[in-house]
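**Student:** Below you will find the structure I want to go over with you.
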């Protein structure tokens, strides 16, 4: 009876955890990843217990890594038999993980993980299921935290393992390895032991086999619990900071032609930790991923803010950050070269009924004149096509870069705004202002490409003739 | 020559660190705590090097702990001689740390630390100096992080040691223990070794002697560096969160008569991590300190938010949190008892020229009538004394609790606001609204005690007679 009760306590703890993080809903179909080890066998038994309560559909998936020969075959056989006893469909997938690891330049450990999650997801889709359950426990979480703490991977690294991520759920994350093994012992349930877990050549194994047992015995017997608790707080802190970074990002950063511009004034107004988060985002966007992007790269750009105009730092993936007059520009080196070669280009006159290829500025422009037939046409809402009231145009139409005296109307009260002030308000960095093509009627800017048109030319019910202008980006000439 | 260069590198690193965190300014007077161990001897030599650069005044302070008999005497002698060689004033203070530890219920380690900082501060004041320098290094920081991580002391615990705190500065925090010992070896400078640092009975020593060396050797040789780096990020994250907690605190929490009220709607609108910070603040304010206040107490109150009205949880120091209709009340148990006993009390008529002791509501009130002599008097700006335009009062003046139909004027446009709506806007919890004493003229509320007066009665240039009313809190009758 006492045995029964302990098992019940663990089950209730897991149910509470599932509910706290909404891991499972009634009617879920769950792919259960089962290696045959204690954790995943326990996970399977628990989900079988919960089957009725949550009306679950289950399928067991076992991945054969093509490592550890006969032992691995025996693992497969063990899981197949267990699934059959429990009357749950069984899927096995074989992969040559060592070969995959070599191909991708990953460790076998990393490659195995990538392969497993990929297979689980394939089976999930194939069965039309909703979730993938994996068997991480508290000890795994504590090990991960220490592993990252010792290797230096910042806040994200020490925020532990999360209860769920996309379709993947981890219902055993509230249990310790001891609890899991006691549960299996009480049930008399056998499990397989992966000998590689005991090889001390892996850092993770060293933490599991040496560091944590020593700490639990000699320093604090609830160390795992405490590490997991602190990781949870770090995770929440991290989420909060991330949210604030997203909020501030748009205020601080603007992007044009592949060049990210960080406005110095706006940047200084935010907290340092948010500054770092914003710079990290910019670099990651340019690098198209987090790989190889480290805190030290962020620091380099941070320091650049206090240096003089023209100073630059090199980052991975040929990314370069340059201190400009009013902030920092970050881009791929090729973009920088292009922008350094820029010069003021000549104007081009454009007329309705024609298409012009303006290679120098990288645009093709077409102009067409049509009668305004009430309600027959919808003004398109996109950045490439704009309509203008043709009869309000007083001069020849030019495509050109800015000139002094340029202005536009930005509200229907006919108030003029200097183009220069408009650029300043929009935080367009000085260096790129000359590069922005304009459609103009004398000094009146009809359209700032990629931005707004002047209110003056907006099509209304009174408009008789509509000038439809379409632009298309093309490869720049010789750049 | 190579020796000389390494030493120079370390010195430059320390100078950069001092400048980054503004640890030292020109002309500082610095108390240097020197135990005689490698770290503090190095600190002293470094500060001597920097003496000219920063125009420093130095004094060496050694604390004799009354532990370790002869060895401790030799330590004292060693530091005295070193100070004399360097021609720096030397102060020694003896304390019976074991006795102090027993008295305060602290470990000898904790007691020693408290005693040292106290003595350093005393000497600082006595010399009229500006700073106290202590010799923590990177390893100390990493050890502290692991110590707290294993014991579970949340984000603050793993944010490491800070470069400065009030008057205390830590210029060696950018150096590792190895660097420090190499520096001394190159100089041929001797130092004392505290044998208790090698006793494995202390958790900290276990981390220093066992855990970190194992990790550096087997997992990552720059582990100390990485732990310190991550701690710095946690510290910044913690600061950012703390700042946001302070910003939200006043929106979410109001306090009246020793009862903190947490408004449920406002509370739900903030992030969980900020919610926790706010609750922690409330509990710490009531507990008058952080001692014994743990994350689990915060969790108890968090959970209370989802429970039904009337549920309560007990916290340390006789603090109790109760779920009320519109939020949570947190207070000392005695306040709760008092507030449960409350009943609507009778009105009292008050007249100018008199003082009334209203024991039932815990106030003494005095009223005085004076002529308004232009410019002769300044309207006092405090919560205890208010002035009213006497000639605008139409009825007898009562002190009473609220009644239906009560209103006040909250702007000079003579718009009336229902008292009920005013209370709702100010987020005064329902339960306490009946308890707030009002000074009234019919249904017109002249003054909400502890809050505002009605615009209607404000003294202006036109006022002929001023009613000056003063209230003073007194002990409540029989409560």
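Protein chains in written order, with this note's numbering: chain A, 58 to 536; chain B, 58 to 536.
All C-beta atoms in this analysis are idealised placements derived from N, C-alpha and C, irrespective of residue type, glycine included.
1. Is residue 332 (chain A) buried or exposed, if buried means 16 or more other CB atoms sit within 10 Å of its CB?
2. So for residue 416 (chain A), helix, strand or coil by DSSP?
3. Whose CA, out of A:353, A:381, A:360, lies closest to the CA of residue 366 (chain A)?
4. Where do the N-terminal and C-terminal ends of the beta strand (DSSP E) with residue 190 (chain B) fall, by residue?
5. Could you run through the region 58-89 of chain B and flag, in chain order, every residue whose CB is less than 9 Å away from some CB of chain A?
6. So residue 272 (chain B) contacts chain A; which residues on that side make the cut at Cβ distance below 8 Å?
7. Does residue 284 (chain B) have its Cβ less than 8 Å from a Cβ in chain A?
8. Spell out the partners DSSP gives residue 527 (chain A) in its beta bridges.
9. If you draw a straight line from the C-alpha of residue 59 (chain B) to the C-alpha of residue 105 (chain B), how long is it?
10. Per DSSP, residue 497 (chain A) forms a beta bridge with which residues?
11. Out of A:100, A:389, A:223, state which residue places its alpha-carbon closest to the alpha-carbon of residue 373 (chain A).
12. Locate the beta strand (DSSP E) running through residue 381 (chain A), then write down its first and last residues.
13. Closer than 9 Å between beta carbons: that is the criterion. Which residues of the region 208-241 of chain A meet it against chain B?
14. Return no unless some Cβ of chain A is closer than 8 Å to the Cβ of residue 297 (chain B).
15. Going by alpha carbons, who is nearest to residue 212 (chain A) out of A:187, A:239, A:155, A:334?
16. Considering just the uninterrupted stretch of the beta strand (DSSP E) at residue 472 (chain B), what are its terminal residues?
17. Restricting to Cα atoms, I'd like to know which of A:166, A:164, A:360, A:119 is closest to residue 180 (chain A).
18. Would you mind working out which of A:329, A:273, A:152, A:126 sits nearest residue 252 (chain A), comparing C-alpha positions?
19. Using CA atoms only, rank isn't needed, just tell me which of B:343, B:356, B:368 is closest to residue 375 (chain B).
20. Going by C-alpha to C-alpha distance, which of B:79, B:218, B:148 sits closest to residue 178 (chain B)?
21. Is residue 328 (chain A) close to chain B? Criterion is C-beta to C-beta, closer than 8 Å.
22. Which one of B:154, B:503, B:508, B:184 has the shortest CA to CA distance from residue 516 (chain B)?
23. Are the C-beta of residue 253 (chain B) and some C-beta of chain A separated by less than 8 Å?
24. Do the region 291-302 of chain A and the region 316-333 of chain B make contact, defined as three or more Cβ pairs closer than 8 Å?
25. For the 8 Å Cβ check, are there 3 or more pairs between the region 464-481 of chain A and the region 407-420 of chain A?
26. Note down, in chain order, every chain B residue with its Cβ under 9 Å from the Cβ of residue 291 (chain A).
27. Could you check what DSSP says for residue 274 (chain A) in three-state terms: helix, strand or coil?
28. Buried or exposed: which applies to residue 192 (chain B), given that a residue is buried once 16 or more other Cβ atoms fall within 10 Å of its Cβ?
29. Per DSSP, residue 362 (chain A) is paired with what?
30. From the DSSP output, which residues share a beta bridge with residue 519 (chain B)?
31. Between residue 530 (chain B) and residue 369 (chain B), what straight-line distance do the alpha-carbon atoms span, to the nearest angstrom?
32. By DSSP, does residue 161 (chain A) sit in helix, in strand, or in coil?
33. Using a cut-off of 9 Å between C-beta atoms, extract the partners of residue 280 (chain A) located in chain B.
34. Mind checking residue 536 (chain A): buried by the 16 CB within 10 Å criterion, or exposed?
35. Give me the chain A residues within the contact set of residue 277 (chain B), using Cβ-Cβ distance strictly less than 7 Å, ordered along the chain.
36. Comparing the C-beta of residue 263 (chain B) with each C-beta of chain A, is any distance below 8 Å?
**Tutor:** Here's the rundown:
1. Locating residue 332 (chain A) in the first chain gives position 275, counting from the first residue. Buried.
2. Counting from one through the first chain, the residue named residue 416 (chain A) turns up at place 359. The answer is coil: DSSP assigns residue 416 (chain A) none of H, G, I, E or B.
3. Start at 1 with the first residue of the first chain, and residue 366 (chain A) comes out as number 309. With distances taken between Cα atoms, residue 366 (chain A) lies closest to A:381.
4. For the purposes of this step, residue 190 (chain B) is taken as the residue at position 133 of the second chain. Unbroken beta strand (DSSP E) run through residue 190 (chain B): 188-190.
5. none
6. On the second chain, position 215 is the one that residue 272 (chain B) refers to. Per Cβ cutoff of 8 Å: 207, 268.
7. On the second chain, position 227 is the one that residue 284 (chain B) refers to. Closer than 8 Å to some Cβ of chain A, the Cβ of residue 284 (chain B) qualifies, so yes.
8. For the purposes of this step, residue 527 (chain A) is identified with residue 470 of the first chain, where counting begins at 1. Residue 527 (chain A) pairs with A:423, A:442.
9. If you number the second chain from 1, residue 59 (chain B) lands on position 2. If you number the second chain from 1, residue 105 (chain B) lands on position 48. Low confidence applies to residue 59 (chain B): its pLDDT is 49, below 50, so where it sits in the model is not reliable, and the reading given next is rough at best. Roughly 22 Å separates the two Cα atoms.
10. Indexing the first chain from 1 puts residue 497 (chain A) at position 440. For residue 497 (chain A), which the question treats as bridged, DSSP gives the partners A:455, A:502.
11. The count along the first chain starts at 1 and reaches residue 373 (chain A) at position 316. Closest option to residue 373 (chain A), Cα to Cα, is A:389.
12. Taking the first residue of the first chain as position 1, residue 381 (chain A) is located at position 324. Segment 376-381, the beta strand (DSSP E) holding residue 381 (chain A).
13. 208, 209, 210, 211, 212, 214, 215
14. The residue given as residue 297 (chain B) occupies position 240 in the second chain. So yes, residue 297 (chain B) belongs to the interface.
15. The residue you call residue 212 (chain A) lines up with position 155 of the first chain. Here the closest residue by C-alpha is A:334.
16. As a working mapping, residue 472 (chain B) is identified with position 415 in the second chain. Unbroken run through residue 472 (chain B): none, as it is neither H nor E.
17. Taking the first chain and counting its residues from 1, the one referred to as residue 180 (chain A) is at position 123. The shortest Cα separation from residue 180 (chain A) among A:166, A:164, A:360, A:119 belongs to A:119.
18. What you label residue 252 (chain A) is simply residue 195 of the first chain in a count that begins at 1. Checking every option, the nearest Cα to that of residue 252 (chain A) belongs to A:126.
19. Reading the second chain from its first residue, position 318 is the one you call residue 375 (chain B). Here the closest residue by C-alpha is B:343.
20. Translated into positions along the second chain, residue 178 (chain B) becomes position 121. Considering only alpha carbons, the answer is B:148.
21. Locating residue 328 (chain A) in the first chain gives position 271, where the first residue counts as 1. So, interface residue.
22. As a working mapping, residue 516 (chain B) is identified with position 459 in the second chain. For the residues B:154, B:503, B:508, B:184, the minimum Cα distance to residue 516 (chain B) belongs to B:503.
23. Stepping through the second chain from its first residue, residue 253 (chain B) is reached at position 196. So no, residue 253 (chain B) is outside the interface.
24. yes
25. no
26. Your numbering for residue 291 (chain A) matches position 234 in the first chain. What residue 291 (chain A) touches in chain B: 212, 215, 291, 294.
27. Here residue 274 (chain A) corresponds to residue number 217 of the first chain, with the count starting at 1. In this structure, residue 274 (chain A) counts as helix in the three-state DSSP scheme.
28. Within the second chain, the letter at position 135 stands for residue 192 (chain B). Counting Cβ neighbours within 10 Å, residue 192 (chain B) comes out buried, since at least 16 surround it.
29. Within the first chain, numbered from 1, the residue matching residue 362 (chain A) stands at position 305. Answer is none; residue 362 (chain A) lacks a bridge partner.
30. Start at 1 with the first residue of the second chain, and residue 519 (chain B) comes out as number 462. None; residue 519 (chain B) has no bridge partner.
31. Residue 530 (chain B) sits at position 473 when you count from the first residue of the second chain. Residue 369 (chain B) sits at position 312 when you count from the first residue of the second chain. Going by the C-alpha atoms only, they are around 29 Å apart.
32. Stepping through the first chain from its first residue, residue 161 (chain A) is reached at position 104. Looking at residue 161 (chain A) - three-state DSSP - the assignment turns out to be helix.
33. For the purposes of this step, residue 280 (chain A) is taken as residue 223 along the first chain, with counting starting at 1. Per Cβ cutoff of 9 Å: 206, 207, 208, 209.
34. As a first step, residue 536 (chain A) must be located in the first chain, where it is residue number 479. The pLDDT assigned to residue 536 (chain A) is 39, lower than 50, so where the model puts this residue is not dependable, and the model offers no usable value.
35. Counting from 1 along the second chain, the entry for residue 277 (chain B) is found at position 220. Within chain A, the residues near residue 277 (chain B) are 207, 208.
36. As a first step, residue 263 (chain B) is located in the second chain; it is residue number 206 there, counting from the start. Yes, its Cβ sits closer than 8 Å to a Cβ of chain A.
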